[in-house]
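Visitor: Position one of the sequence shown corresponds to residue 81 (the working numbering), numbered consecutively onward.
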Amino acid sequence: MDNKFYLYCFWPGLPELWLRGRLSALPTAVVFGCGLNFLLIAKFIYPEWMTFSYVRIAGWVGVLAWFYCTIKNFRDLPGMIHPRKASKKPDRFAEAHIAFLRSDYGRAEALLRECMAVEERDPPALLLLAAVYRQTARFEESRGCIELLRVTEAADRWWLEVDAEEKRFLRDRAYQAGRHKVSSEPETGDSKITTPSRSAIAA
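1) Within 10 Å of its beta-carbon, does residue 91 have 16 or more other beta-carbons around it, so buried, or fewer, so exposed?
2) To the nearest whole angstrom, what separates the beta carbons of residue 285 and residue 99, a pair I think is in contact under 8 Å?
3) Have a look at 230, 257, 236 and 260 and flag the residue whose alpha-carbon is nearest the alpha-carbon of residue 246.
4) Can the beta-carbon of residue 95 be found less than 8 Å from the beta-carbon of residue 153?
5) Below 8 Å between beta carbons: does that hold for residue 199 and residue 163?
6) Can you give me the Cβ contacts of residue 211 inside the same chain, cut-off strictly under 8 Å, excluding the 5 residues immediately before and after it?
7) Using the C-alpha atoms, what's the distance from residue 257 back to residue 175?
8) What does a CB cutoff of less than 7 Å around residue 252 pick up in its chain, not counting 5 residues either side in sequence?
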């Protein structure tokens with residue numbers, strides 16, 4: 081696990097918000113930021129707002145809350161980075177990969193859904209699901225998975241695989257569009273095969 085992720089732990093609510101996209105952690109992050117700014121302003125800029133004893137009490141309460149949230153973030157971080165490994169549910173990703181290689185795309189998608197029930201932004205599962213959608217000609221869903229990978233922090237180290245999948249997506253979508261265009265074009269007069277009438281044959 082990249083050590084930079086531990087830096088997120090020092091801001092309460094940030095790991096869940098940034099790494100897992102949980103909006104429920106947004107109030108915690110906002111409250112911490114507002115509280116920190118208020119204490120700094122009350123301490124150094126406008127000390128007449130509050131008496132020194134009140135500022136000290138508020139500061140110690142803030143420090144204790146920050147310390148508790150930081151320890152909790154450090155403890156929960158492995159589960160945020162690798163939720164499938166930390167979950168008590170069986171990891172079905174390997175089975176999904178085998179099903180994909182066997183072209184059993186229906187089973188692969190079902191198994192990937194189980195993986196994403198544990199973590200909806202799991203980069204390997206999203207990447208493989210994008211490939212499943214591409215192979216089954218569901219290009220809008222495939223593009224959605226790729227776009228989600230682009231904005232997921234945990235997918236940064238998968239950028240090479242994401243680029244490769246995006247190229248395959250563009251290639252297959254262009255090929256499918258070309259086939260659809262050819263099949264929908266009306267036949268010209270030169271390409272039609274005319275069958276001689278019975279009278280012509282008899283003549």
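Don't be surprised by glycine CBs; every beta carbon is placed ideally from N, CA and C.
Guide: On the basis of the supplied data:
1) Here residue 91 refers to the residue found at position 11 when the sequence shown is read from its first residue. Residue 91 comes out buried.
2) Here the chain covers residues 81 to 283 and nothing more, so residue 285 does not appear.
3) Looking up residue 246 in the sequence shown gives position 166. Cα-wise, what sits closest to residue 246 is 230.
4) The count along the sequence shown starts at 1 and reaches residue 95 at position 15. The count along the sequence shown starts at 1 and reaches residue 153 at position 73. Yes.
5) For this step, residue 199 is matched to residue 119 along the sequence shown. For this step, residue 163 is matched to residue 83 along the sequence shown. Result yes, Cβ atoms of residue 199 and residue 163 sit closer than 8 Å.
6) Numbered from its first residue, the sequence shown carries residue 211 at position 131. Excluding its 5 nearest sequence neighbours in each direction, residue 211 has C-beta neighbours in its own chain below 8 Å: 180, 222, 245 and 248, listed in chain order.
7) Numbered from 1 along the sequence shown, position 95 holds the residue referred to as residue 175. Numbered from 1 along the sequence shown, position 177 holds the residue referred to as residue 257. Separation of residue 175 and residue 257 (C-alpha to C-alpha, rounded to the nearest whole angstrom) is 32 Å.
8) Indexing the sequence shown from 1 puts residue 252 at position 172. In its chain, beyond the 5 residues on either side, 214 have a beta carbon closer than 7 Å to the beta carbon of residue 252.
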